[in-house]
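Below: the structure, in structure tokens.
Numbering (our numbering), first residue to last: 60 to 169.
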């Protein structure tokens, strides 16, 4: 939803000024919805497309970062390796944390 509010919604007025005969009906939802059953003509999804007959194009990469406040790190220490996070309090975004794991990449190594 935040991507849609920050980037898509603010672009709609300019888009409609260029294409005034179009009607835009925007739905912002963080849940993974069935695009075909929902009758959507276009979707912007921040996720991998599961095997389907839909056509996807990468618009931009999406990075996630691990961060904490200076006070938290003073109390708990700064993690040096991904395994250190097991000993830390973590807040995660529900729709990105459904696998129960956080893949970290350094170069080609995961």
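Note that beta-carbon positions come from the ideal geometry of N, C-alpha and C, so glycine has one too.
Contact between the segment 85-100 and the segment 60-68 is present: three or more C-beta pairs spanning the two stretches fall below 8 Å. Between the beta-carbon of residue 113 and that of residue 94 there is about 7 Å, and that keeps the pair under the 8 Å contact cut.
Note: residue 168 is bridge-paired with 165 in the DSSP secondary-structure output. Ranked by Cα distance from residue 164, the first of 76, 79 and 140 is 140.
If you draw a straight line from the Cα of residue 161 to the Cα of residue 169, it comes to about 10 Å.
Sequence-distant partners of residue 121 (beyond 5 residues in either direction) whose C-beta falls short of 6 Å from its own C-beta, in its chain, are 105. Under the DSSP assignment, residue 131 falls in the alpha helix (DSSP H) whose first and last residues are 129-135. Judged by DSSP in its simplified three-state form, residue 74 adopts helix.
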